[in-house]
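Residue numbers (the working numbering): 9 to 156. Note that the Cβ used here is the ideal one computed from N, Cα and C, for glycine as well.
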């Protein structure tokens, strides 16, 4: 479950700049922002996020629950970074009632590679898990948000 930017047709350690090594918004749910080696390979060798998969064309996809009219369904869709650009995506930790409806007046979402807040009726997708942004190994670290 590793992703390399090195090798035939790829980059070399010496020629890879900071832009290639940095975390990009399209990595969310696809490439772990934490698990990468230190040293000359930093940012060039990465791990797939816990729920990420590769589609038939080689693009990385992340799973989402479909939201219709403010209600979260059991339908799961896998989308690439390009496909998710048109969607308003709620976090997996969004508050739901017993019927699966988003109950907050404003919901924390990702839209157009930015974090913002939107009304529940504007939400089209929801993350499947709060851990989908990190790799399996990183998700095992207790209190990860406080691990500096």
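- Report the residue from 146, 108 and 89 whose alpha carbon sits nearest the alpha carbon of residue 66. 89
- Task: Identify which residue in 48, 134 and 91 has its Cα closest to the Cα of residue 103.
- Result: 134
- Message: In the DSSP assignment, the beta strand (DSSP E) including residue 147 goes from what residue to what residue?
- Response: Per DSSP, residue 147 belongs to no beta strand (DSSP E); it is in the alpha helix (DSSP H), 144 to 147.
- Measuring alpha carbon to alpha carbon, tell me which of 19, 30 and 54 ends up nearest residue 9. 54
- Message: Could you tell me which whole alpha helix (DSSP H) segments of length 4 or greater appear in the segment 24 to 104?
- Response: 26 to 29 and 89 to 92
- Whether residue 131 touches residue 78 by CB criterion (8 Å): yes
- What span of residues does the beta strand (DSSP E) with residue 135 cover, start to end? 133 to 135
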